[in-house]
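One line per chain: the protein sequences are L and R, in this order.
Residues in the first sequence are numbered consecutively from -14, following the numbering used here.
Residues in the second sequence are numbered consecutively from -14, following the numbering used here.
Structure record follows, encoded as structure tokens.
Protein chains: 2
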Amino acid sequence: MRKIGLQEIEEIALGAALLGAGGGGDPYVGKLVALGAVRECGAVSLIDPEEVPDDALIMPIAMMGAPTVLCEKGIGDMEYRRIYDMVRRYFGREVYATMPMEAGGVNSMLPIAAAARLGLPMVDCDGMGRAFPELQMVTFTIGGVSATPMALTDEKGNSVIFETITNQWTEELARAVTMSCGGSVTVSLYVMDGKTLKQYGVRGIVSRSQELGRAIRSVKSAADETPEARFLRLSGGIRLFRGKISDVLRTTDGKFNHGRVQLRGIGEYRNSCAEIVFQNENLCCRVDGRILATAPDLICLVDAETFTPVTTDALKYGKRVLAVGLKCDPLWRTQAGLALVGPRYFGIDADYIPLEERAKGGEANV
Amino acid sequence: MRKIGLQEIEEIALGAALLGAGGGGDPYVGKLVALGAVRECGAVSLIDPEEVPDDALIMPIAMMGAPTVLCEKGIGDMEYRRIYDMVRRYFGREVYATMPMEAGGVNSMLPIAAAARLGLPMVDCDGMGRAFPELQMVTFTIGGVSATPMALTDEKGNSVIFETITNQWTEELARAVTMSCGGSVTVSLYVMDGKTLKQYGVRGIVSRSQELGRAIRSVKSAADETPEARFLRLSGGIRLFRGKISDVLRTTDGKFNHGRVQLRGIGEYRNSCAEIVFQNENLCCRVDGRILATAPDLICLVDAETFTPVTTDALKYGKRVLAVGLKCDPLWRTQAGLALVGPRYFGIDADYIPLEERAKGGEANV
């Protein structure tokens, strides 16, 4: 157990933006919500999954909907209290702790706010190890864990409990209610016991997020290596490309942001170009037509100078970025994992080959 | 207490079609569901509201969505069992009885099926005394009763419990889930105690429905009066017009059927024409431009020969119909009632004047 205070929140938010892999929503607003809650109610206890009793009830917290809407609607303290009461009432027992379901993006921050306001510890664990666009895309689905009973509430005070036959149906019904509630709601889903958490959770992801944040902050202070080398070493990332944004295409189908960004190489990449396709998160990175990485591995764009993460929302013509690949959790690389979040699920006509193997095959070595 | 068997179901269904005032869905499919349940599980006990203890829990049953979808999807017995379990679990106590929330149309029949399958009595009471298109349009809303906790389930096994800040929000959120579930679901809403039921329910409406059904069946056997005079006497209806359908216009906004039907007069009405505007249910009847009836009074079209009700779905060029007005429940004529279901709510630019007063003013007397 250790404490998550203001400093830790800043670091986790920065790392979470990287783990968002372009999506997940910029943690900025979430960070303000978490900072506000911790200032008001005190630091949060971060506990290891091993500290959670097998039969303890864990209530993950997330926002569902468009992070941009969250910025406008805001989020209060009543939402967490309501969700907490709904979960307690439904299960007829006390909640032991909360946790993030999605460590990438804005959802890394809201469980901190909930933990602070409810006086609960937060478990160092999530269900993605990154960000994904749909509700069933969690490691717990691989383990056959149901997303429901799922509790949902909006800032007005409406609340809904779902029980569905599959996690895809949860996505379908909860998405419809989220849209009707104005595009952003607070939810608890995959409520589970400690045993399940230990079995299928992505462990240590909050700490990993914080380390990534620290790494980004520290790159400039390196004396014995280039900032880029230091960033890649500390993050465990594989460099995919370095270039200048030459084109961005964005479309939306009402539910997700789709698009692609094109890069013209700089430095040693000056004779190459790259294209990254995204659906909320970056899905596929091609350099000179050759695929170097696909989901579920993380394809992250960071500012070529500061190494701060660049979300798909912030892509702008002329910006210089480094494209970096991070390995996804091993559970995503199983057959069941790839059925959920493999490239083909997202409409990319390619088999999944692990990032590090694709890198070996060509010029994309670190 | 009396028993509702196969014969009673036939009569109630016929009367419910009339109380549907053009909408509510043809009770035909609902009748098959009710007949099947009673054949399988035995007759249902119909009890008077006075027989219900003040603290007893009453679970109304209805379908939400498009009755035409119900015809295609059907309805099983698991839906009622699931709803029952959800309500029992939520309230932590036994359910005493079920009841219809909408006596007009298909929703008159489904509580009979639920009562038979669950072995519960059904209360002779509803929340409309007719049919209405939106969930908050019940006499219980006037009494400040919340539609929620509302339980919803579909034929696949998905289920949802809503708790909302207003009954309009219940409509909004439950409607979204209904659409996502394929357009028709089974619900229980306005779960209430016996005291509330007695205070705000439309009492005796199932029996009234059955009497109307019997009246329609018996009109031809009259010796001492014309079938029409007998029908009007037994139903308590006010004749608005008699004519041949000369035009039907239908539109839909995805949620409701909107439209109007034009009639060319026959018999003593041969020099007149009439227009009836509807949104699922008939809303306003004009004869030669003068309004003779508006919601919440019931505007019913019946076959000019057989007096069987004609729903807006069944309007066809050339059909001869009698337009009849039936008085709505007195609660709808209060200020609060008219705010919910008065003509202006439905976009009709006219004050509500009771049917019988409008009739006095012109040629539209019985």
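Don't be surprised by glycine CBs; every beta carbon is placed ideally from N, CA and C.
Only a predicted model underlies this, so the values are computations on that prediction, with no experimental measurement involved.
- Message: Within 10 Å of its beta-carbon, does D332 (chain R) have 16 or more other beta-carbons around it, so buried, or fewer, so exposed?
- Response: First, the amino acid is wrong: residue 332 (chain R) is Gly here, not Asp. That one is exposed.
- Task: Select from L:P281, L:G198, L:G244 the residue whose C-alpha is nearest the C-alpha of V287 (chain L).
- Result: L:G198
- Message: For a test of the three-state rule: what should DSSP assign to G310 (chain L), helix, strand or coil?
- Response: strand
- Query: Beta carbon of S165 (chain R), beta carbon of A321 (chain L): below 7 Å?
  - Reply: Taking C-beta atoms as the reference points, S165 (chain R) and A321 (chain L) fail to come closer than 7 Å.
- Between the region 136 to 157 of chain L and chain R, which residues of the former have a C-beta closer than 7 Å to a C-beta of the latter? K141, G142, N143, S144, V145, I146, F147, E148, T149, I150, W154, E157
- Using DSSP with H/G/I as helix, E/B as strand and the rest coil, what is I146 (chain L)? In the structure shown, I146 (chain L) sits in a strand (DSSP, three-state: E or B).
- Proximal residues of chain R, C-beta to C-beta of S165 (chain L) below 7 Å: Correct list: E157, L158, A161.
- Query: For I46 (chain L) versus S144 (chain L), is the C-beta distance shorter than 7 Å?
  - Reply: Not closer than 7 Å, so no.
- Check the DSSP bridge columns for Q264 (chain R) and list the partner residues they point to. R:H243, R:E266
- Query: Which class does G250 (chain L) belong to by DSSP, given the choice of helix, strand or coil?
  - Reply: strand
- Using the rule of at least 16 other Cβ atoms within 10 Å of the residue's Cβ for burial, across every protein chain shown, is M(-14) (chain R) buried or exposed? exposed
- Query: Is it true that the CB of T297 (chain R) sits closer than 7 Å to the CB of G7 (chain R)?
  - Reply: yes
- Query: Does DSSP put L158 (chain R) in a helix, a strand or coil?
  - Reply: helix
- Query: Smallest Cα separation from L17 (chain R): which of R:L182, R:T181, R:A99?
  - Reply: Selected option, being the one with the closest Cα: R:A99.
- Query: Taking C-alpha atoms, which residue in R:K180, R:V123, R:T171, R:G167 lies nearest to N152 (chain R)?
  - Reply: R:V123
- Item | Rounded C-alpha distance that separates P281 (chain R) from D70 (chain R) | Going by the C-alpha atoms only, they are around 35 Å apart.
- Is T171 (chain R) near G50 (chain R), with beta carbons less than 7 Å apart? no
- Query: Per the contact definition of three or more C-beta pairs closer than 8 Å, is the region 299 to 310 of chain L in contact with the region 268 to 279 of chain L?
  - Reply: Contact holds: three or more Cβ-Cβ distances are below 8 Å.
- Task: Return the first residue and the last residue of the beta strand (DSSP E) that C285 (chain L) is part of.
- Result: Element bounds for C285 (chain L): 283 to 288.
- Message: So for K183 (chain L), helix, strand or coil by DSSP?
- Response: helix
- Query: Which residues does DSSP pair with M107 (chain L) in a beta bridge?
  - Reply: L:L31, L:T83
- Are the beta-carbon atoms of A116 (chain R) and E266 (chain R) separated by less than 7 Å? yes
- If we call anything under 7 Å between Cβ atoms a contact, is G244 (chain L) one with F263 (chain L)? yes
- Given 8 Å, three or more beta-carbon pairs between the region 219 to 234 of chain L and the region 250 to 260 of chain L: yes
- Look at V108 (chain R) and A82 (chain R) and say whether their C-beta atoms are less than 7 Å apart. yes
- Message: Once DSSP output is grouped into helix, strand and coil, what is the label at S194 (chain L)?
- Response: helix
- Quick one: using the 10 Å Cβ neighbour count with 16 as the cut-off for buried, is F216 (chain R) buried or exposed? buried
- Expressed to the nearest angstrom, what Euclidean distance is found between the alpha-carbon atoms of S220 (chain L) and G0 (chain L)? Their Cα atoms are separated by approximately 10 Å.
- How close, in whole Å, do the beta carbons of R74 (chain R) and L42 (chain R) come, if the pair is a contact with beta carbons under 8 Å? Between L42 (chain R) and R74 (chain R) the Cβ distance is about 12 Å, and since that is not below 8 Å, they are no contact.
- Message: Using 8 Å for Cβ pairs, my map puts L(-9) (chain L) next to L20 (chain L). What's the rounded Cβ distance?
- Response: That pair is a contact at about 6 Å.
- Closest by CA to G189 (chain L), which one among L:P85, L:E341, L:M44? L:P85
- Query: In whole angstroms, what separates the C-alpha of T133 (chain L) from that of E140 (chain L)?
  - Reply: 21 Å
- Task: Give the single residue among R:G112, R:S93, R:M94, R:A28 whose Cα lies nearest to the Cα of W317 (chain R).
- Result: R:G112
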